[in-house]
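In full-length UniProt numbering, the protein residues as written are 1 to 144.
From the three backbone atoms N, C-alpha and C, an ideal C-beta is built for every residue, glycine too.
Given the structure is predicted, the values throughout are model-derived calculations rather than measurements.
In what follows, a single structure is set out as structure tokens and then discussed.
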């Protein structure tokens, strides 16, 4: 995987990771030891997301390199200027506490960016939803 802002940027626990997926961005919370916590939809859900706007999603903890794959990524804590970030300890504890939980997923109200910002700031915010492109899906499949 390849970082985009600074070639040697190493995320710190509690950092938000923005992963470029082409037309949309996927978001995750870095929790340390090379792991991120993020929201995933079942395989194939991305193809059906327009016809069924709300789905069940699962919160997963996975290796960042597996989630990022060949995509570019960056640490994006840009909302720190607008919202007070919680302590790294609280962010990580709350994110890890959500692992394996199922939640509603909505492109507009409860997407991967909402989840990540809720963990960092205690408030769910999505810049993508207010812009032209939304975080449409988080599909993680294992080949093999």
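Around the Cβ of residue 35, a 10 Å sphere holds 16 or more other Cβ atoms; the residue is buried. For residue 72, the closest C-alpha among the options 126, 127, 22 is that of 22. In this structure, residue 90 lies away from residue 15, with their beta-carbon atoms at least 8 Å apart. Distance from the CA of residue 30 to the CA of residue 37, rounded to the nearest whole angstrom, comes to 7 Å. Counting along the chain, the unbroken alpha helix (DSSP H) around residue 117 starts and ends at 112 to 121. A straight-line Cα-Cα distance of about 26 Å links residue 11 and residue 107.
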